[in-house]
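Here is the structure we will look at, set down as structure tokens.
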Amino acid sequence: MAANPMYQFNVYRIGPEIKIGEVDISFTNASLFMVISTLAILIVFNLGAKKKSLIPDKIQLLSELSYSFVSKMISDTAGAKAKPYFAFIFSLFMFVLFCNMFGMIPYSFTVTSHIIVTFVLAAFIFIGVTIIGFLKHGLGYLKLFVPSGVPIILLPLIVVIEIISYLSRPISLSVRLFANMMAGHTMMKVFGGFVVSLGLVGGWLPLGFSVALTGLEILVAFLQAYVFAILTCIYLNDALNLHH
Amino acid sequence: MKKIIIYLYALFSFNCIAKSAETGGMPQLNPEFWFSQIFWLTITFGILFIILSKFILPKIRNNLETRKSQIMENIEIADNQKMKSENNLKEYDKIISDAKDTAKKTFNLAKEKIQLDLGKEREKIESELNSEIHDAENDIKDLKKSSPEKISLIAVDTAAEIIQKLIGVEVNKSNVTAIVNEQVKLMKGK
Numbered sequence: 091m092a093a094n095p096m097y098q099f100n101v102y103r104i105g106p107e108i109k110i111g112e113v114d115i116s117f118t119n120a121s122l123f124m125v126i127s128t129l130a131i132l133i134v135f136n137l138g139a140k141k142k143s144l145i146p147d148k149i150q151l152l153s154e155l156s157y158s159f160v161s162k163m164i165s166d167t168a169g170a171k172a173k174p175y176f177a178f179i180f181s182l183f184m185f186v187l188f189c190n191m192f193g194m195i196p197y198s199f200t201v202t203s204h205i206i207v208t209f210v211l212a213a214f215i216f217i218g219v220t221i222i223g224f225l226k227h228g229l230g231y232l233k234l235f236v237p238s239g240v241p242i243i244l245l246p247l248i249v250v251i252e253i254i255s256y257l258s259r260p261i262s263l264s265v266r267l268f269a270n271m272m273a274g275h276t277m278m279k280v281f282g283g284f285v286v287s288l289g290l291v292g293g294w295l296p297l298g299f300s301v302a303l304t305g306l307e308i309l310v311a312f313l314q315a316y317v318f319a320i321l322t323c324i325y326l327n328d329a330l331n332l333h334h
Numbered sequence: 366m367k368k369i370i371i372y373l374y375a376l377f378s379f380n381c382i383a384k385s386a387e388t389g390g391m392p393q394l395n396p397e398f399w400f401s402q403i404f405w406l407t408i409t410f411g412i413l414f415i416i417l418s419k420f421i422l423p424k425i426r427n428n429l430e431t432r433k434s435q436i437m438e439n440i441e442i443a444d445n446q447k448m449k450s451e452n453n454l455k456e457y458d459k460i461i462s463d464a465k466d467t468a469k470k471t472f473n474l475a476k477e478k479i480q481l482d483l484g485k486e487r488e489k490i491e492s493e494l495n496s497e498i499h500d501a502e503n504d505i506k507d508l509k510k511s512s513p514e515k516i517s518l519i520a521v522d523t524a525a526e527i528i529q530k531l532i533g534v535e536v537n538k539s540n541v542t543a544i545v546n547e548q549v550k551l552m553k554g555k
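Protein chains in written order, with my numbering: chain A, 91 to 334; chain B, 366 to 555.
Set out below in structure tokens:
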């Protein structure tokens, strides 16, 4: 079954079966890679935060650059009001980025290639942003669905469209990440399969593609984490600074 | 090229679908481990968020802020030192110019004093000389005045003595004096 490009997305139990009531919460390979990503983030950033030299070394520079990068991203898109949510967005960006990057290691598992994982993250963001919006603006948050400067005749239609687009945010956010990761990994698997099936004679072309795709996928892994985080910032911006 | 890729991909995908049909399509849509994934995602992401927000991110922020403040401090110190050195330079210049001025003044003062002293001394010496000259002139005048009388007195005395010696007679001095005076008048009359 190893030739099946979807095989890599299989989730299987590692260790014993754990059940709470009827719910199966066994430790799986997906859980393993979540734990690995989390640990990697914590180790890297703990090492980076430990040293307090005026002139940073490589690992300190890495963590400080990441900090400034995310900080700038938030202040650019959501303004100064979003400062309290910095830690969440930073964790989110790093988690998605590390899960994507660990997925690039051959024979590893890509946590973010599962719709349920990305959907839970996106749904959490969606619910959180909605709660923040209603807490900040009360019922005035509903003005988000009524853009200013729209003719009254069109208004009912626009409001419906706005509501649908608002409600589809978690779906678009989660599917974007999941589909990108799944498609990329499937492609790589497919081209890897070509290399094997075409053998020494014809395998060089798909091998080249495979190499190029690996580079592309690393870019996509970073880009999708960035997109995920920046869309979260944009949604947060809607909730914090009501423009409509 | 794209067409070839799409064609190959479609070909392979058909194969895949045929194969994955056996295992039940996309594993992502198999809800068997959904709760497990949600559970572990919550735990790992929760731990990550808590540790990052409570322990690691504040440290990094502190590091960045201390660096920033230290750089600002250093710039400030450098500015202060620059200003200080500029002031020092000004002071130094001032001291030098002051010293030049005072040197000039002292020089002038000394010159004046010397000239003054010189003048005083000269005056003193001149006045002394004048007075001496005056005295000498007076003496000469006195002498000039007194000399004829003395001469006549001496003449009288000597005349009297000569007469005594010659003839051994004491002559009346008033007679001699009268004769001498006559003779002097005669000589003066000449």
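Glycine included, each C-beta is placed from N, C-alpha and C at the ideal position.
{"Check": "Pick out whichever of Q393(B), M391(B), G390(B), E397(B) has its Cα sitting closest to the Cα of K109(A).", "Outcome": "E397(B)"}
{"Check": "Rounded C-beta distance between L267(A) and T167(A)? I'm assuming under 8 Å.", "Outcome": "That pair is no contact at about 18 Å."}
{"Check": "From the DSSP output, which residues share a beta bridge with R103(A)?", "Outcome": "T118(A)"}
{"Check": "How many Å lie between Q150(A) and T431(B) at the Cα?", "Outcome": "14 Å"}
{"Check": "How about C323(A) and A170(A): do their beta carbons lie closer than 8 Å?", "Outcome": "no"}
{"Check": "What does I532(B) pair with, by DSSP beta-bridge criteria?", "Outcome": "Note: I532(B) sits in no beta bridge, so no partner."}
{"Check": "Count the other C-beta atoms from every protein chain shown that fall within 10 angstroms of the C-beta of A443(B), then say buried if there are 16 or more, exposed otherwise.", "Outcome": "exposed"}
{"Check": "Is there a C-beta anywhere in chain B that falls below 8 Å from the one on L227(A)?", "Outcome": "The amino acid occupying residue 227(A) in the given sequence is His; Leu does not appear at that position. No, no contact with chain B."}
{"Check": "Helix, strand or coil for I110(A), going by three-state DSSP, please let me know.", "Outcome": "strand"}
{"Check": "Are the Cβ atoms of L303(A) and L263(A) separated by less than 8 Å?", "Outcome": "no"}
{"Check": "Give me the subset of the segment 443 to 477 of chain B whose CB atoms are less than 9 Å from a CB atom of chain A, sorted by chain position.", "Outcome": "none"}
{"Check": "Is the shortest distance between the beta-carbon of D147(A) and the beta-carbons of chain B less than 8 Å?", "Outcome": "no"}
{"Check": "Could you have a look at H204(A) and say whether DSSP puts it in helix, strand or coil?", "Outcome": "coil"}
{"Check": "Is it the case that the Cβ atoms of V210(A) and I179(A) are separated by a distance below 8 Å?", "Outcome": "no"}
{"Check": "Between A386(B) and chain A, is any beta-carbon pair separated by less than 8 Å?", "Outcome": "Only weak support is given to the placement of A386(B): the predicted model assigns it a pLDDT of 44, under 50, and the value that follows is read from those uncertain coordinates. No, its Cβ sits nowhere closer than 8 Å to a Cβ of chain A."}
{"Check": "Looking at the C-beta of I440(B), does it have a partner C-beta in chain A at a distance below 8 Å?", "Outcome": "no"}
{"Check": "For the segment 154 to 174 of chain A, enumerate the residues whose C-beta is nearer than 8 Å to any C-beta of chain B, in chain order.", "Outcome": "E154, Y157, S158"}
{"Check": "Checking contacts by CB at 8 Å: is F224(A) closer than that to chain B?", "Outcome": "no"}
{"Check": "Please classify T200(A) as buried or exposed, where buried requires at least 16 neighbouring CB atoms within 10 angstroms.", "Outcome": "buried"}
{"Check": "Which residue's Cα is closest to the Cα of N537(B): K476(B), A524(B), D458(B)?", "Outcome": "A524(B)"}
{"Check": "By DSSP, does H275(A) sit in helix, in strand, or in coil?", "Outcome": "helix"}
{"Check": "Looking at C-alpha atoms only, which residue of A273(A), A213(A), G298(A) is the closest neighbour of S258(A)?", "Outcome": "A213(A)"}
{"Check": "Considering Cα atoms alone, identify which of L182(A), S156(A), P106(A), S165(A) is closest to G411(B).", "Outcome": "L182(A)"}
{"Check": "Going by the beta-carbon positions, is the gap between V101(A) and T118(A) smaller than 8 Å?", "Outcome": "yes"}
{"Check": "Please state whether DSSP places L332(A) in a helix, a strand or coil.", "Outcome": "coil"}
{"Check": "Out of H333(A), L326(A), I115(A), which one is the CA nearest neighbour of Y175(A)?", "Outcome": "L326(A)"}
{"Check": "When the Cβ atoms of the segment 288 to 308 of chain A are set against those of the segment 240 to 251 of chain A, are three or more pairs found closer than 8 Å?", "Outcome": "no"}
{"Check": "So what does DSSP say about I412(B), is it helix, strand or coil?", "Outcome": "helix"}
{"Check": "For the segment 399 to 410 of chain B, list every residue whose C-beta sits within 9 Å of some C-beta in chain A, in sequence order.", "Outcome": "W399, F400, S401, Q402, I403, F404, W405, L406, T407, I408, T409, F410"}
{"Check": "What's the call for F188(A), buried or exposed, on a 16-neighbour Cβ count within 10 Å?", "Outcome": "buried"}
{"Check": "Is T304(A) close to chain B? Criterion is C-beta to C-beta, closer than 8 Å.", "Outcome": "no"}
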